[in-house]
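Colleague: For reference, the structure I am asking about is given below.
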Amino acid sequence: MKKILFISTFFASVLMAYDAEQIADMFFKLNPSAEKNKVKPNHTKGFCASGSFVPSKDINKKVDIGILKSDSIPADLRYSLGGAEMNDKSKTRGLALNLSSANEVWTMVMTNAEINFAKDANEFGRFFEMKIPVNGKVDTDKIKKLTNEVKSYKQFAEYTSKMGVSRSVANTPFYSTHTFFVKDAKTKKMRAVKWKFVPVEGIKNLSKEEEKSFSKDFLRADFEKRMKDSKPFAYDMYLIYANKNDIIDDTTALWTGKHREVLVGRLTVNKDEKESCDKTVYFPSNLSSGVEPPKDPLFDLRNQVYAITFGARQ
């Protein structure tokens with residue numbers, strides 16, 4: 025009887041559905057100073073920038089997306105590190121981007137990884153919960169055990185282990201992770217896509233020697249110098265169309281092989297906005313006409329968590 029009770033309790037905990045309130049609370053537990061200081065509990069360290077997005081000449085013949093009808097679109101951005109990381113020599117990077125025209129807004133929240141670490145609310149919640157200190161200590165053995173046992177965690181750990189430490193935000197690629205749906209200009213049907221922002225200067229990482237010698241704030245220093253020297257940089261945005269057998273409702277699914285790619289336009293970053301956007305919330309649910317939201321279990325949850333943590337910072 026005790027064995028049956030233990031097994032049923034175990035599976036109940038594994039299948040527990042975490043809600044947005046619980047996950048937001050975990051963010052603040054992982055970053056205790058965030059609520060007190062009214063800062064973002066996730067992607068805490070970052071800086072703001074602005075620029076413009078110019079759609080490619082023939083993009084409106086391929087997709088029917090409202091905001092892309094403009095010749096040039098103002099852009100505001102926030103670069104960040106992953107989670108509560110405060111050292112630029114960590115691997116994960118984030119980019120939150122707002123494109124705003126007179127009648128349209130398109131918000132994109134991206135990272136430098138093509139996949140996510142969790143496929144649903146249960147995995148998402150457990151991922152953060154296992155990292156919360158108990159009596160001041162993080163259970164590293166538990167983290168290691170779950171990382172090996174949960175396929176999503178293990179795959180993400182293996183993926184990030186192969187990533188380098190990007191030497192500049194100007195040399196960092198960014199990906200949508202979620203699969204969205206865009207309206208085809210000819211058929212008017214919605215097509216499943218992901219997108220990526222590819223740095224025009226190329227993807228470049230620190231050498232092992234540079235990792236040891238660079239400061240924990242080298243990204244900010246590099247960006248400030250570029251802007252002070254009037255050296256803007258840019259990314260080319262591409263839509264990546266799903267193939268027939270690609271999984272489109274799971275953010276941990278890595279698309280492989282050849283895909284149709286369409287150049288959407290070029291984002292140019294040319295101004296340092298300091299920390300002016302730190303109080304801003306970037307909702308991925310802000311979509312231009314002609315773009316429909318993902319169908320995976322995490323998209324709505326992310327927007328709810330953002331709303332909760334934003335409210336806590338007011």
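Each residue of the sequence shown is one higher than the one before, counting from 25 in the working numbering.
Using N, Cα and C, we set each Cβ at its ideal position, and we do this for glycine too.
On the three-state DSSP scale, how would you describe ASN146?
Modeller: Locating residue 146 in the sequence shown gives position 122, counting from the first residue. DSSP places ASN146 in helix when its eight states are reduced to three.
Colleague: Ignore the nearest five residues each way along the sequence and tell me which others in GLY314's own chain have a CB closer than 7 Å to its CB.
Modeller: Locating residue 314 in the sequence shown gives position 290, counting from the first residue. Correct list, in chain order: VAL87, ASP88, ILE89, GLY90, VAL206, LYS207.
Colleague: Using 10 angstroms around the beta-carbon of SER96, count the other beta-carbons present and answer buried if the total reaches 16, otherwise exposed.
Modeller: Walking along the sequence shown from the start, residue 96 turns up at place 72. Result: exposed.
Colleague: Look up GLY314 in the DSSP assignment and say whether it is helix, strand or coil.
Modeller: One-based indexing of the sequence shown puts residue 314 at position 290. GLY314 falls in the coil class under three-state DSSP.
Colleague: Check the C-beta distance from ALA266 over to VAL217 and give it rounded, since I have them as a contact under 8 Å.
Modeller: Reading the sequence shown from its first residue, position 242 is the one you call residue 266. Reading the sequence shown from its first residue, position 193 is the one you call residue 217. Indeed, because the Cβ distance is near 7 Å, the residues count as touching under 8 Å.
Colleague: In this structure, what does DSSP give as the bridge partners for MET261?
Modeller: The residue given as residue 261 occupies position 237 in the sequence shown. In DSSP, MET261 forms a bridge with PHE221, GLY289.
Colleague: Answer yes or no: do SER104 and GLY75 have a C-beta to C-beta separation smaller than 8 Å?
Modeller: Along the sequence shown, read from residue 1 onward, the residue named residue 104 stands at position 80. Along the sequence shown, read from residue 1 onward, the residue named residue 75 stands at position 51. The answer is no: Cβ separation not under 8 Å.
Colleague: To the nearest angstrom, how far is it from the Cα of SER200 to the Cα of GLU138?
Modeller: Here residue 200 corresponds to residue number 176 of the sequence shown, with the count starting at 1. Here residue 138 corresponds to residue number 114 of the sequence shown, with the count starting at 1. When rounded, the distance between both Cα atoms is 7 Å.
Colleague: Any contact between the segment 229 to 248 and the segment 275 to 283? By contact I mean 3 or more CB pairs, one from each, below 8 Å.
Modeller: no
Colleague: How should GLU225 be labelled, buried or exposed, when 16 other C-beta atoms within 10 angstroms of its C-beta is the threshold for buried?
Modeller: Stepping through the sequence shown from its first residue, residue 225 is reached at position 201. Its Cβ having fewer than 16 others within 10 Å, GLU225 is exposed.
Colleague: Excluding the five sequence neighbours on either side, which residues of its own chain have a C-beta within less than 7 Å of the C-beta of LYS295, listed in chain order?
Modeller: Taking the sequence shown and counting its residues from 1, one reaches residue 295 at position 271. ALA73, SER74, GLY75, MET251.
Colleague: If we count the other Cβ atoms within 10 Å of its Cβ and call it buried at 16 or more, is PRO79 buried or exposed?
Modeller: Numbered from 1 along the sequence shown, position 55 holds the residue referred to as residue 79. Its Cβ being crowded by 16 or more others within 10 Å, PRO79 is buried.
Colleague: Looking only at C-alpha atoms, which of ILE272, ASP253, GLY289 sits nearest to MET261?
Modeller: As a position in the sequence shown, residue 261 is number 237, starting the count at 1. Checking every option, the nearest Cα to that of MET261 belongs to GLY289.
Colleague: Whose C-beta lies closer than 7 Å to the C-beta of GLU287 among residues of the same chain, with five residues either side of it excluded?
Modeller: Within the sequence shown, numbered from 1, the residue matching residue 287 stands at position 263. Looking at the sequence shown, residue 287 is not Glu but Leu. For LEU287, where only same-chain residues beyond five positions count, the Cβ hits under 7 Å are SER80, ASP260, TYR262.
Colleague: Please confirm if the segment 38 to 58 is in contact with the segment 155 to 172, defined as three or more CB-CB distances below 8 Å between the two stretches.
Modeller: yes
Colleague: Shortest alpha-carbon distance to LYS175 belongs to which of PHE334, ASP144, ASN111, GLY118?
Modeller: Position 151 of the sequence shown, counting from 1, holds the residue named residue 175. Distance from the Cα of LYS175 is smallest, within the candidate group PHE334, ASP144, ASN111, GLY118, for ASP144.
Colleague: Could you spell out the range, first to last residue, of the alpha helix (DSSP H) harbouring LEU105?
Modeller: As a first step, residue 105 is located in the sequence shown; it is residue number 81 there, counting from the start. Element bounds for LEU105: not the alpha helix (DSSP H) but the beta strand (DSSP E), 97 to 105.
Colleague: Just the C-alpha distance for PHE257 and THR196, rounded to the nearest angstrom, thanks.
Modeller: Reading the sequence shown from its first residue, position 233 is the one you call residue 257. Reading the sequence shown from its first residue, position 172 is the one you call residue 196. About 11 Å.
Colleague: Please go through the same chain and pick out, in chain order, the residues whose beta-carbon is closer than 6 Å to the beta-carbon of LYS62, but skip the five residues on each side of it.
Modeller: Against the sequence shown, residue 62 aligns to sequence position 38. Answer for LYS62: ARG337, listed in chain order.
Colleague: Please report the distance separating the alpha-carbon of ALA331 from that of SER114.
Modeller: Position 307 of the sequence shown, counted from the start, is the residue given in the question as residue 331. Position 90 of the sequence shown, counted from the start, is the residue given in the question as residue 114. C-alpha separation (whole angstroms): 27 Å.
Colleague: What is the residue span of the alpha helix (DSSP H) that PHE238 lies within?
Modeller: Position 214 of the sequence shown holds residue 238. Element bounds for PHE238: n/a, residue is neither H nor E.
Colleague: Once you ignore the five residues that flank VAL329 on each side, which residues in its own chain have a CB closer than 7 Å to its CB?
Modeller: Counted from its first residue, the sequence shown places residue 329 at position 305. Closer than 7 Å at the Cβ level, and outside the excluded window around VAL329, lie ALA44, ILE47, ALA48.
Colleague: Quick check: what's the CA-CA separation for TYR183 versus THR171?
Modeller: Position 159 of the sequence shown holds residue 183. Position 147 of the sequence shown holds residue 171. So the alpha carbons of these two residues sit roughly 13 Å apart.
Colleague: To which residues does DSSP link ARG215 through a beta bridge?
Modeller: The residue labelled residue 215 in the question sits at position 191 within the sequence shown. Note: ARG215 sits in a beta bridge opposite VAL206.
Colleague: Where do the N-terminal and C-terminal ends of the beta strand (DSSP E) with PHE307 fall, by residue?
Modeller: On the sequence shown, residue 307 is found 283 positions in, with the first residue counted as 1. Per DSSP, PHE307 belongs to no beta strand (DSSP E) and is neither H nor E.
Colleague: Considering only their Cβ atoms, is the gap separating PRO308 from THR131 smaller than 8 Å?
Modeller: Walking along the sequence shown from the start, residue 131 turns up at place 107. Walking along the sequence shown from the start, residue 308 turns up at place 284. Contact: yes.
Colleague: Quick check on this structure: which residue in PHE221, PHE204, ASN310 has the alpha carbon closest to the alpha carbon of ASP273?
Modeller: Position 249 of the sequence shown holds residue 273. It is PHE204.
Colleague: Return the first residue and the last residue of the alpha helix (DSSP H) that ARG326 is part of.
Modeller: Stepping through the sequence shown from its first residue, residue 326 is reached at position 302. Its alpha helix (DSSP H) spans residues 323 to 336.
Colleague: What did DSSP end up calling MET50 once you bin it into helix, strand or coil?
Modeller: The residue given as residue 50 occupies position 26 in the sequence shown. DSSP places MET50 in helix when its eight states are reduced to three.
Colleague: DSSP three-state label for ASP253, please.
Modeller: As a first step, residue 253 is located in the sequence shown; it is residue number 229 there, counting from the start. Three-state DSSP puts ASP253 in coil, outside helix and strand.
Colleague: Within 10 angstroms of its Cβ, does GLU109 collect 16 or more other Cβ (buried), or is it exposed?
Modeller: Translated into the one-based positions of the sequence shown, residue 109 becomes position 85. Buried.
Colleague: Report yes if the C-beta distance between THR292 and LYS64 is below 8 Å; otherwise report no.
Modeller: Walking along the sequence shown from the start, residue 292 turns up at place 268. Walking along the sequence shown from the start, residue 64 turns up at place 40. Contact check for THR292 against LYS64 fails: the beta carbons are separated by 8 Å or more.
Colleague: If you follow the beta strand (DSSP E) that SER122 is part of, which residue opens it and which one closes it?
Modeller: In the sequence shown, the residue the question calls residue 122 occupies position 98. A quick correction: the sequence has Asn, not Ser, at residue 122. Taken as a continuous stretch (DSSP letters only), the beta strand (DSSP E) holding ASN122 covers 117 to 124.
Colleague: Can you give me the start and stop residues for the alpha helix (DSSP H) that PHE77 sits inside?
Modeller: Numbered from 1 along the sequence shown, position 53 holds the residue referred to as residue 77. That residue, PHE77, is in no alpha helix (DSSP H); its beta strand (DSSP E) goes 70 to 79.
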